[in-house]
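Notes follow once the structure below has been shown.
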Amino acid sequence: MNCSTNVWFVCSPTCVGNRIIKKRIHVRIEHVMPSRCTEEFKQRVKKNDQLKAEAKAKGVVISTKRQPLGPKPGFMVEGTTLETVTPIPYDVVNDLKGGY
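One gets this note's numbering by counting positions in the sequence shown from 1 and adding 3 to each.
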């Protein structure tokens, strides 16, 4: 990134044809915002460090790896009645005549 007094020079990779080139644009400082993509990661690192310190003080070994949520618990649907659905017979002769 290149800077001047009021403008930042920003490079972004752009696909042109079969190659990727760096597109260079000038952006005023008012329009530039810091990226928030690592906020959750940084919070998780701080939380994990705190949990590790507490576990070390207690003398316990813990795992700070993220775990998948897993399946939702099952349930029974109540207050419904069963309805039997039967197919309507297909009549080829009436279908060819255009009527039922």
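Ideal Cβ placement from N, Cα and C applies to all residues, glycine included. These numbers were taken from a predicted model, which means no experiment stands behind them.
Do Lys-26 and Ser-15 have their CB atoms nearer than 7 angstroms?
yes
Any beta strand (DSSP E) of 3 or more consecutive residues that is wholly inside the segment 20-63:
22-31
Whose CA, out of Thr-67, Gly-82, Tyr-93, Pro-76, lies closest to the CA of Val-48?
Thr-67
So who's on the other strand from Thr-17, going by DSSP bridges?
Ile-24
Is it the case that the Cβ atoms of Phe-12 and His-29 are separated by a distance below 7 angstroms?
yes
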